[in-house]
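*Asks:*
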Amino acid sequence: MKKETVIETFEEQKMSVAKYQLTSDLFAGKVFEDLEAAQELCRILMQNDRIILRSVRTQYVIQNLENHSVVLDIFAEEQQGNLIDIEIQMYREKAPFKRSRYYQSSIDMSILEKGKPYHTLPDVTIIYLTKEDFIGERKGFYNIDRKSGGQEVTMCLENGFHEKYYNLEYPVDDMRINELLHYFQHSEPFYKTENFPRIVERVSYLKTKKEGVALMCEITDRIRREGREEGRIIGKVEDILELLEELGKIPQWIAARIGQETDPEQLRKWHKCAAKASDMAEFEALFSRL
3 MKKETVIETF
13 EEQKMSVAKY
23 QLTSDLFAGK
33 VFEDLEAAQE
43 LCRILMQNDR
53 IILRSVRTQY
63 VIQNLENHSV
73 VLDIFAEEQQ
83 GNLIDIEIQM
93 YREKAPFKRS
103 RYYQSSIDMS
113 ILEKGKPYHT
123 LPDVTIIYLT
133 KEDFIGERKG
143 FYNIDRKSGG
153 QEVTMCLENG
163 FHEKYYNLEY
173 PVDDMRINEL
183 LHYFQHSEPF
193 YKTENFPRIV
203 ERVSYLKTKK
213 EGVALMCEIT
223 DRIRREGREE
233 GRIIGKVEDI
243 LELLEELGKI
253 PQWIAARIGQ
263 ETDPEQLRKW
273 HKCAAKASDM
283 AEFEALFSRL
């Protein structure tokens with residue numbers, strides 16, 4: 003059997019990475035973890051070339067121990083402290099506006115320290131990039147202003163929260179934005195542009211350079227492994243709940259606790275208890291002791 007050479011292996015790896023575009027939050031996360039690339043992105047989508055970023059994080063998790071946690075695709079902080087969250091959503095979801103509302107509230111809760119007055123909250127801009135024009139007005143860009151309207155007066159509500167929605171279905175009036183959004187869909191590593199050269203440089207590094215290609219392959223493999231492990235955990239949770247349904251009505255707190263567990267060993271113990279218990283009361287007693 004012929005053994006593959008290093009060159010052949012590298013070429014195969016490049017082919018596997020070549021399929022990634024910036025519409026993938028995985029690939030975009032690695033491109034825009036670079037501060038200069040993220041700054042180009044923010045300047046173009048915010049239509050403000052004066053923006054200077056202090057920091058950027060990708061796939062940034064805001065943990066909520068009691069309720070729903072969120073993962074922000076690209077979370078940037080400007081020098082003056084204002085925050086920009088860029089979400090890449092290529093699948094159709096039921097309530098994008100409510101997602102935006104929850105993300106904004108999660109950001110506010112994570113940064114306002116106890117005892118600090120509300121006026122210290124920085125401005126937060128959430129930018130959504132979607133595949134389709136889900137708003138339905140046949141436009142490529144929507145800037146949402148919150149206003150109070152009446153017969154006598156209309157005023158902007160200056161609460162420091164801003165929403166911008168871009169989609170890949172329709173063009174916008176700004177040629178730089180059109181070029182950038184086209185590049186999101188066709189992220190060629192040797193593309194030439196004066197509008198976002200650092201973004202292209204990062205794409206080229208991850209798609210053509212040995213270190214960048216190896217990094218993308220490693221991340222892809224890790225995600226596959228984590229996906230398989232997550233599938234096994236979900237399967238075990240479903241097995242436990244199926245056994246409990248035979249014992250009677252499952253208390254909501256027990257169902258919620260089991261659904262949140264990610265430790266395979268703990269799930270194995272609960273599965274064993276569910277198989278042994280003769281009724282829900284017996285399982286609940288065993289469950290409370292584990």
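Position in the sequence shown (from 1) plus 2 gives the number in the numbering used here.
We put the beta carbon where it would ideally sit given N, CA and C, even for glycine.
Predicted model, so just to flag it, every value in this text is computed and none were measured.
Within a Cβ cutoff of 6 Å, which residues of the same chain sit near LEU24, ignoring the five residues on either side of it in sequence?
*Replies:* The residues are ALA30, PHE186 and SER189.
*Asks:* Applying the 10 Å Cβ sphere with the 16-neighbour rule, what's the burial state of VAL73?
*Replies:* Classification for VAL73: exposed.
*Asks:* Taking the beta strand (DSSP E) that ASN169 belongs to, which residues open and close that run?
*Replies:* Where ASN169 is concerned, the enclosing beta strand (DSSP E) stretches over 163-169.
*Asks:* What did DSSP end up calling TYR22 once you bin it into helix, strand or coil?
*Replies:* Reduced to three states, the DSSP call for TYR22 is coil.
*Asks:* By Cβ distance below 6 Å, which residues in the same chain neighbour ASP87 in space, the five residues on each side in sequence not counted?
*Replies:* LEU74, PHE77 and ILE128, listed in sequence order.
*Asks:* Once DSSP output is grouped into helix, strand and coil, what is the label at ARG45?
*Replies:* ARG45: helix per DSSP, three-state reduction.
*Asks:* Can you look up ASN197 in the DSSP assignment and give me helix, strand or coil?
*Replies:* It is coil, neither helix nor strand.
*Asks:* Report the start-end ranges of each beta strand (DSSP E) in the region 93-153 that is 3 residues or longer and not cut off at the edges.
*Replies:* With a minimum length of 3 residues, the continuous beta strand (DSSP E) runs that stay inside the region 93-153 are 126-132, 143-146 and 149-151.
*Asks:* Looking at ILE221: is its Cβ nearer than 8 Å to the Cβ of LEU28?
*Replies:* Contact flag set, yes.
*Asks:* Just the C-alpha distance for CYS44 and ASN66, rounded to the nearest angstrom, thanks.
*Replies:* So the two alpha carbons sit approximately 27 Å from each other.
*Asks:* I need the DSSP call for ALA279, collapsed to helix, strand or coil.
*Replies:* Coil.
*Asks:* So SER108 and ILE64 are supposed to be a Cβ contact under 8 Å. How far apart are they, rounded?
*Replies:* Going by Cβ atoms, the distance from SER108 to ILE64 rounds to 5 Å, so yes, they are a contact pair.
*Asks:* Is it buried or exposed, TRP272, if we count other Cβ atoms within 10 angstroms and call 16 or more buried?
*Replies:* It counts as buried.
*Asks:* Going by the DSSP bridge assignment, what does THR298 pair with across the sheet?
*Replies:* One cannot answer for residue 298 here, as it falls past the ends of the chain, which runs 3 to 292.
*Asks:* Touch check for the region 237-246 and the region 255-274: three-plus C-beta pairs under 8 Å?
*Replies:* Contact between the region 237-246 and the region 255-274 is present, because at least three Cβ pairs lie under 8 Å.
*Asks:* Which of the three DSSP states is assigned to ILE252 in this structure?
*Replies:* Three-state DSSP puts ILE252 in coil, outside helix and strand.
*Asks:* Could you give the C-beta distance for PRO119 and LEU85, rounded to a whole number, given that I count them as a contact under 8 Å?
*Replies:* Actually they are not in contact, since the Cβ atoms of PRO119 and LEU85 sit about 18 Å apart, beyond 8 Å.
*Asks:* Would you be able to state if there are at least three C-beta pairs under 8 Å between the region 167-185 and the region 133-144?
*Replies:* With the cut-off at 8 Å, the region 133-144 and the region 167-185 touch.
*Asks:* Where DSSP assigns a beta bridge to ASP265, which residues make up the other side?
*Replies:* ASP265 pairs with nothing; no bridge assigned.
*Asks:* Do GLU80 and ILE113 have their C-beta atoms within less than 8 Å of each other?
*Replies:* No, the Cβ-Cβ distance between GLU80 and ILE113 is not below 8 Å.
*Asks:* Should LEU208 go down as buried or exposed, given a rule of 16 or more other Cβ atoms within 10 Å for buried?
*Replies:* Buried, by the Cβ-count rule.
*Asks:* Can you give me the start and stop residues for the alpha helix (DSSP H) that GLN187 sits inside?
*Replies:* Start and end: 177-187.
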